[in-house]
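Mapping to numbering that gives the first Met the number 0: the sequence shown position 201 is 200, numbers consecutive.
In this text, a Cβ means the ideal position worked out from N, Cα and C, and glycines have one as well.
Computed from a predicted model, the values in this text were never measured in an experiment.
Step one of this worksheet: look at the structure below.
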Amino acid sequence: MGRKNMKIEILQEKLKQGLQVIEKISQRSLSLPILQNVLLNVENNFLGLEATNLETGIRWWSLAGVEKEGKVLVPIKIFSGLVGLLSNKKISLTAKKTDLVVECQNNKTNLKGFDFNEFPIIPHPKEGGSVLVDAVFFCSALGQIVDVASVSTVRPEISGVYLLFQDGEVKMVATDSFRLGEKKISIKKSFSGDVSIILPQQTAREIINVFGDKDGSLGIYFSPNQVLFESMMVETKHPQI
């Protein structure tokens, strides 16, 4: 029960920024309405926002004034719309069971939420290898070739962008059998060994949409069946999740 009763304070502008990032992944789903929600996860003096469309998951973190740690799950469109209407002041967020109380100056709103245990767990494959790239350079290169890929059920290997991490650089290749797009960028920090993945075209577009205008580094973490992209713009220690 204690994990639900979170209580924090955070600036409206910072929370608004996070929700704008998260909304790019969240989607309407008649078959899985739980995906229309955002998970607020508070721990180690950080507020984390999490959303997923099952193919792509995203986490956003910010320092916050934490009185109590915990989690709460609320509809992202309603929550984001409410935050956008509030003054650029401190916002108090208090979880009461599955509900979230939002307070800012003279405004107080109660949002009906859901059991956060029903929300899909976003994988966090940090036990494998990882690389560090410049977010803007990576997304710019990816954006120049992503449209060359062609969705194909007959040849699924051309339905995404092939990424090869090798010798201090990442090579990106996309093709529709007639055209070929190729880009290379340097890696800031790498592990020993080579890694190759095929990034689905839609996932590649979402990565560009989310990280393309974010200055700073982008951490890319690998495991046998998944890859995690994480923005590295927070200078303090990132909480372990």
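Looking at the strands, I want to know which residues DSSP matches up with PRO199. Here residue 199 is taken as the residue at index 200 of the sequence shown, counted from 1. BP columns for PRO199 point to GLY159.
I need the DSSP call for GLU12, collapsed to helix, strand or coil. On the sequence shown, residue 12 is found 13 positions in, with the first residue counted as 1. Residue state, collapsed to three classes: helix.
Could you compute how far the alpha carbon of TRP123 sits from the alpha carbon of LEU227? Taking the first residue of the sequence shown as 1, we reach residue 123 at position 124. Taking the first residue of the sequence shown as 1, we reach residue 227 at position 228. The sequence shown places His at residue 123, not Trp. HIS123 and LEU227: Cα-Cα distance of roughly 7 Å.
Looking at the structure shown, is ASN106 part of a helix, part of a strand, or coil, going by DSSP? As a working note, residue 106 is residue 107 in the sequence shown. Of the three classes helix, strand and coil, the one that applies to ASN106 here is strand, per DSSP.
If I follow the unbroken alpha helix (DSSP H) through VAL135, where does it start and stop? Stepping through the sequence shown from its first residue, residue 135 is reached at position 136. Counting along the chain, the alpha helix (DSSP H) containing VAL135 begins and ends at 134-144.
Endpoints, the alpha helix (DSSP H) within which LYS76 is located: Within the sequence shown, the letter at position 77 stands for residue 76. Element bounds for LYS76: 75-84.
How long is the line joining the alpha carbons of ILE196 and ILE57, rounded to whole angstroms? By 1-based counting over the sequence shown, the position of residue 196 is 197. By 1-based counting over the sequence shown, the position of residue 57 is 58. Their backbone Cα atoms lie some 19 Å apart in a straight line.
Going straight from the alpha carbon of GLN225 to that of LYS107, what length do you get? If you number the sequence shown from 1, residue 225 lands on position 226. If you number the sequence shown from 1, residue 107 lands on position 108. Roughly 41 Å separates the two Cα atoms.
Report yes or no: is there a C-beta of chain B within less than 8 Å of the C-beta of ILE196? No chain B is part of this structure, which consists of one protein chain only.
Tell me the rounded alpha-carbon separation between PRO199 and GLN104. Against the sequence shown, residue 199 aligns to sequence position 200. Against the sequence shown, residue 104 aligns to sequence position 105. A straight-line Cα-Cα distance of about 44 Å links PRO199 and GLN104.
For LYS170 and PHE164, the rounded distance between their alpha carbons: The residue you call residue 164 lines up with position 165 of the sequence shown. The residue you call residue 170 lines up with position 171 of the sequence shown. Answer to the nearest angstrom: the Cα atoms are 6 Å apart.
I'd like the list of long-range same chain contacts for ILE24, defined as Cβ closer than 8 Å, with 5 residues on each side in sequence excluded. Within the sequence shown, residue 24 is the residue found at index 25, counting from 1. Only ALA50, THR51, ASN52, THR55, GLY56, ILE57, GLU205, VAL209 meet the Cβ criterion.
Under a three-way DSSP split, which group does GLU229 fall into? Numbered from 1 along the sequence shown, position 230 holds the residue referred to as residue 229. Here GLU229 sits in strand by DSSP.
One question on the structure: do ILE9 and GLU66 come within less than 8 Å of each other, judged by their Cβ atoms? The residue you call residue 9 lines up with position 10 of the sequence shown. The residue you call residue 66 lines up with position 67 of the sequence shown. In terms of Cβ geometry, ILE9 and GLU66 do not form a close pair [threshold 8 Å].
Grab me the residues of VAL147's own chain with a C-beta within less than 8 Å of its C-beta, minus the 5 sequence neighbours each way, in chain order. Here residue 147 corresponds to residue number 148 of the sequence shown, with the count starting at 1. ALA173, THR174, ASP175, ARG178, LEU179, GLY180, listed in sequence order.
What residues in its chain sit with their C-beta under 7 Å from that of THR202, if we drop five residues either side in the sequence? Start at 1 with the first residue of the sequence shown, and residue 202 comes out as number 203. So the list reads GLU54, THR55, once near-sequence residues are dropped.
Specify, as a first and last residue, the run of the beta strand (DSSP E) that ALA50 falls within. For the purposes of this step, residue 50 is taken as the residue at position 51 of the sequence shown. ALA50 -> beta strand (DSSP E) spans 45-51.
Give me the residue from PRO223, LYS70, SER30 with the minimum Cα distance to PHE115. Walking along the sequence shown from the start, residue 115 turns up at place 116. Of the candidates PRO223, LYS70, SER30, the residue whose Cα lies closest to the Cα of PHE115 is LYS70.
Between LEU46 and ALA63, which are expected to be in contact by the criterion C-beta below 8 Å, what is the C-beta distance as a whole number of angstroms? Numbered from 1 along the sequence shown, position 47 holds the residue referred to as residue 46. Numbered from 1 along the sequence shown, position 64 holds the residue referred to as residue 63. Right, the Cβ-Cβ distance comes to about 4 Å (below 8 Å), so this counts as a contact.
Near GLN239, what residues of its chain come up, given a Cβ to Cβ distance below 7 Å and the 5 sequence neighbours on each side ignored? Residue mapping note: residue 239 aligns to position 240 of the sequence shown, counting from 1. Note that GLN239 scores 40 on pLDDT, short of 50, meaning its location in the model is unreliable; the coordinates nonetheless yield the value given after this. Non-local C-beta neighbours of GLN239 in its own chain, meaning closer than 7 Å and more than five positions away in sequence, are absent.
Using 8 Å as the threshold, is the C-beta distance between LEU141 and VAL160 below it? Looking up residue 141 in the sequence shown gives position 142. Looking up residue 160 in the sequence shown gives position 161. Taking a C-beta distance under 8 Å as the contact criterion, LEU141 and VAL160 qualify as a contact pair.
Beta strand (DSSP E) containing ASN36: first to last residue? Taking the sequence shown and counting its residues from 1, the one referred to as residue 36 is at position 37. Its beta strand (DSSP E) spans residues 36-42.
Straight-line Cα distance separating ILE219 from SER189: For this step, residue 189 is matched to residue 190 along the sequence shown. For this step, residue 219 is matched to residue 220 along the sequence shown. CA-to-CA, the gap between SER189 and ILE219 works out to about 10 Å.
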